[in-house]
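Numbering (our numbering), first residue to last: 8 to 146. For each residue, glycine too, the CB sits at the ideal point set by N, CA and C. Since the structure is predicted, the reported quantities are computational estimates derived from the model, not experimental observations.
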């Protein structure tokens, strides 16, 4: 997936998604594009080096994902306990979209419940345990 397609996908996740370049005053963060839901990050990458997208993930899934997919590794500048890094140039589009939606839903569920907002969807983590595991193939 190219950078523009990924950007459009992130923005399509909901009307509550915002994009910003919050680190422009730092030399190493000038081109970092961050996507937010409810004011909190769920995805970010360097526009000048579109080789790693950092995404929130359930800690119990991270090691299995890293073992199963070569395109998944450590995130850029975030805790590897709660974040993954995925190479968009080698990841299948459906895997990248699923993990991005997962990240969006983790963050949205966490902060919606803290603000007392009603959830209209099941928490993704709960649904993940009830649906069959999908295998993705490299293109």
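- Annotation: residue 18 is outside any beta strand (DSSP E); the continuous alpha helix (DSSP H) that includes it extends over 10-19.
- The C-alpha of residue 20 lies about 20 Å from the C-alpha of residue 54.
- A straight-line Cα-Cα distance of about 22 Å links residue 17 and residue 87.
- Closest in alpha carbon position to residue 83, among 36, 10 and 22, is 36.
- Around the beta carbon of residue 39, a 10 Å sphere encloses 16 or more other beta carbons of the protein chains shown; the residue is thus reported as buried.
- Under the criterion of beta carbons closer than 8 Å, residue 63 and residue 90 qualify as touching, at roughly 6 Å.
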